[in-house]
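Q: Following my numbering, the numbering of the sequence shown begins with 18 at its first residue and continues without gaps. Ideal Cβ positions, reconstructed from N, Cα and C, are used throughout, including at glycine. Predicted, not measured: the structure shown is a model, and the values here were computed from it. Just dropping this structure here.
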Amino acid sequence: MIGIIAAMKSEMDAVVSRMKDIQNIQIGPALFAKGKLSGKEVVVGLSGVGKTAASMTTTILILEFKPEAVINVGVAGGLLEDQQVCDLVISDSMIQADFDTSPLDGPEGIGLEYKADEKLMQLAQQAAKELGVNYHTGAIASQDLFMAREEDFQKLMEHFPQSACSEMEGAAVASAASAFGVPVLVLRSLSDVVHHTGNPMEFSEFAAMAAKRAADLMEQMCSQL
Numbered sequence: 018m019i020g021i022i023a024a025m026k027s028e029m030d031a032v033v034s035r036m037k038d039i040q041n042i043q044i045g046p047a048l049f050a051k052g053k054l055s056g057k058e059v060v061v062g063l064s065g066v067g068k069t070a071a072s073m074t075t076t077i078l079i080l081e082f083k084p085e086a087v088i089n090v091g092v093a094g095g096l097l098e099d100q101q102v103c104d105l106v107i108s109d110s111m112i113q114a115d116f117d118t119s120p121l122d123g124p125e126g127i128g129l130e131y132k133a134d135e136k137l138m139q140l141a142q143q144a145a146k147e148l149g150v151n152y153h154t155g156a157i158a159s160q161d162l163f164m165a166r167e168e169d170f171q172k173l174m175e176h177f178p179q180s181a182c183s184e185m186e187g188a189a190v191a192s193a194a195s196a197f198g199v200p201v202l203v204l205r206s207l208s209d210v211v212h213h214t215g216n217p218m219e220f221s222e223f224a225a226m227a228a229k230r231a232a233d234l235m236e237q238m239c240s241q242l
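Shown next, in the form of structure tokens:
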């Protein structure tokens, strides 16, 4: 079984719409949909926005459903000049970018980083190629912050210049999965790009389209697992 975590209902719905034999399960505040995607048993968890909610939902999913891997899908804001809306970012690492104990620990206290599973990463790259999706492989930066100010972007890139996109859940999903020894990958379809003008309009216009793109990839990956 593959565990899938989505933060927003639109992201979850994009995946569940492709599933068969669906069973809805409520555990505490978390909603799960169990079924089959491309013939593979999956369970999709709706976490809600933010790192705390994502970590909690991932922990419940792992303890209740015992997945062989956890994949976090959804949307993010792109950080690179060569990115376009609806491009895909495949994680090679996930960074808790707002973790900061530097007053005690110095520069080593800034950020927590988790590695993506190599096999899942390669599988996602192959699926993207087969679907003709433009993708970038890189670090996914997670903060409890919707970046909308220039200073937010500058601060993030000063500390983590390897970041390919910014969002609010991926590193928390990775933290929980890593604690239980479960392979993890984060996939983000870009709903906006910081170097474009009119980003708020981009997000509202393209979020649903970006969620669909992430679901396309998840469906393709499950057909190969």
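Whole-angstrom Cβ separation of Phe49 and Val61, contact assumed at under 8 Å?
A: Walking along the sequence shown from the start, residue 49 turns up at place 32. Walking along the sequence shown from the start, residue 61 turns up at place 44. About 7 Å separates the two Cβ atoms, so the contact holds.
Q: Report the CB separation of Val266 from Ile79 in whole angstroms; it is logged as a contact under 8 Å.
A: What the structure shows of the chain is the stretch from 18 to 242, and residue 266 is not part of that stretch, so it cannot be assessed.
Q: Quick check on the burial criterion: 16 or more other C-beta atoms within 10 angstroms. Buried or exposed for Ala165?
A: Working through the sequence shown from its first residue, we reach residue 165 at position 148. When all chains shown are included, Ala165 counts as exposed.
Q: Between which two residues does the beta strand (DSSP E) holding Gly91 run?
A: Looking up residue 91 in the sequence shown gives position 74. Per DSSP, Gly91 belongs to the beta strand (DSSP E) from Ala86 to Gly95.
Q: Taking the runs of the beta strand (DSSP E) that are 3 residues or longer, which of them lie wholly in the region 159-192?
A: Qualifying beta strand (DSSP E) stretches, in chain order: 180-184.
Q: With Ala23 as the anchor, note down where its alpha helix (DSSP H) starts and where it stops.
A: Start at 1 with the first residue of the sequence shown, and residue 23 comes out as number 6. Premise fails: Ala23 lies in the beta strand (DSSP E), Ile19 to Ala23, not in any alpha helix (DSSP H).
Q: Can you tell me whether DSSP reads Arg205 as helix, strand or coil?
A: Counting from 1 along the sequence shown, the entry for residue 205 is found at position 188. Reduced to three states, the DSSP call for Arg205 is strand.
Q: CA-CA distance, Gly22 and Glu58?
A: The sequence position of residue 22 within the sequence shown is 5, counting from 1. The sequence position of residue 58 within the sequence shown is 41, counting from 1. For the sequence presented, residue 22 should be read as Ile rather than Gly. So the alpha carbons of these two residues sit roughly 14 Å apart.
Q: Provide the residue span of the beta strand (DSSP E) that contains Met111, from first to last.
A: Within the sequence shown, residue 111 is the residue found at index 94, counting from 1. Run containing Met111: Leu105 to Asp117, per the beta strand (DSSP E) assignment.
Q: For Val199, which of helix, strand or coil comes out of DSSP?
A: Indexing the sequence shown from 1 puts residue 199 at position 182. Val199: coil per DSSP, three-state reduction.
Q: Who are Gly4's beta bridge partners in DSSP?
A: The structure shown does not extend to residue 4, since the chain spans only 18 to 242, so no value can be given for it.
Q: Between which two residues does the alpha helix (DSSP H) holding Val32 run?
A: Translated into the one-based positions of the sequence shown, residue 32 becomes position 15. Element bounds for Val32: Lys26 to Val33.
Q: Does DSSP put Asp38 in a helix, in a strand, or in coil?
A: Working through the sequence shown from its first residue, we reach residue 38 at position 21. DSSP places Asp38 in strand when its eight states are reduced to three.
Q: Could you tell me the alpha carbon to alpha carbon distance between Leu173 and Gly128, rounded to whole angstroms?
A: In the sequence shown, counting from the first residue as 1, residue 173 sits at position 156. In the sequence shown, counting from the first residue as 1, residue 128 sits at position 111. Approximately 10 Å, taken between the alpha carbons.
Q: Can you tell me where the alpha helix (DSSP H) holding Ala47 begins and where it ends?
A: Counting from 1 along the sequence shown, the entry for residue 47 is found at position 30. That residue, Ala47, is in no alpha helix (DSSP H); its beta strand (DSSP E) goes Ala47 to Leu54.
Q: Quick check on this structure: which residue in Ser240, Arg205 and Phe177 has the alpha carbon closest to the alpha carbon of Met25?
A: Working through the sequence shown from its first residue, we reach residue 25 at position 8. The residue with the shortest Cα to Cα distance from Met25 is Arg205.
Q: Taking a contact to mean a Cβ-Cβ separation below 8 Å, would you say Glu186 touches Val92 in this structure?
A: By one-based count along the sequence shown, residue 186 stands at place 169. By one-based count along the sequence shown, residue 92 stands at place 75. In this structure, Val92 does not lie closer than 8 Å to Glu186 by Cβ.
Q: I need the DSSP call for Glu98, collapsed to helix, strand or coil.
A: Position 81 of the sequence shown, counted from the start, is the residue given in the question as residue 98. Glu98: coil per DSSP, three-state reduction.
Q: Please confirm if the region 117-133 is in contact with the region 187-203, defined as three or more CB-CB distances below 8 Å between the two stretches.
A: Touching, yes, given that three or more Cβ pairs across the two stretches are closer than 8 Å.
Q: If I measure Cβ to Cβ from Gln237 and keep anything under 7 Å in the same chain, skipping five residues before and after, which residues do I get?
A: For the purposes of this step, residue 237 is identified with residue 220 of the sequence shown, where counting begins at 1. Answer for Gln237: Ala144, Glu147 and Leu148, listed in chain order.
Q: Per DSSP, which residues does Leu78 bridge with? Please list them.
A: Here residue 78 is taken as the residue at index 61 of the sequence shown, counted from 1. For Leu78, which the question treats as bridged, DSSP gives no partner whatsoever.
Q: Give every residue of the same chain whose Cβ lies closer than 6 Å to the Cβ of Asn89, excluding the five residues on either side of it in the sequence, and list them in chain order.
A: By 1-based counting over the sequence shown, the position of residue 89 is 72. Excluding sequence neighbours, Asn89 sits near Ile22, Gly187, Val190 and Val203.
Q: Sort Ser180, Thr118 and Gly123 by Cα distance to Glu98 and report the nearest one.
A: Position 81 of the sequence shown, counted from the start, is the residue given in the question as residue 98. When each option's Cα is compared against that of Glu98, the closest is Ser180.
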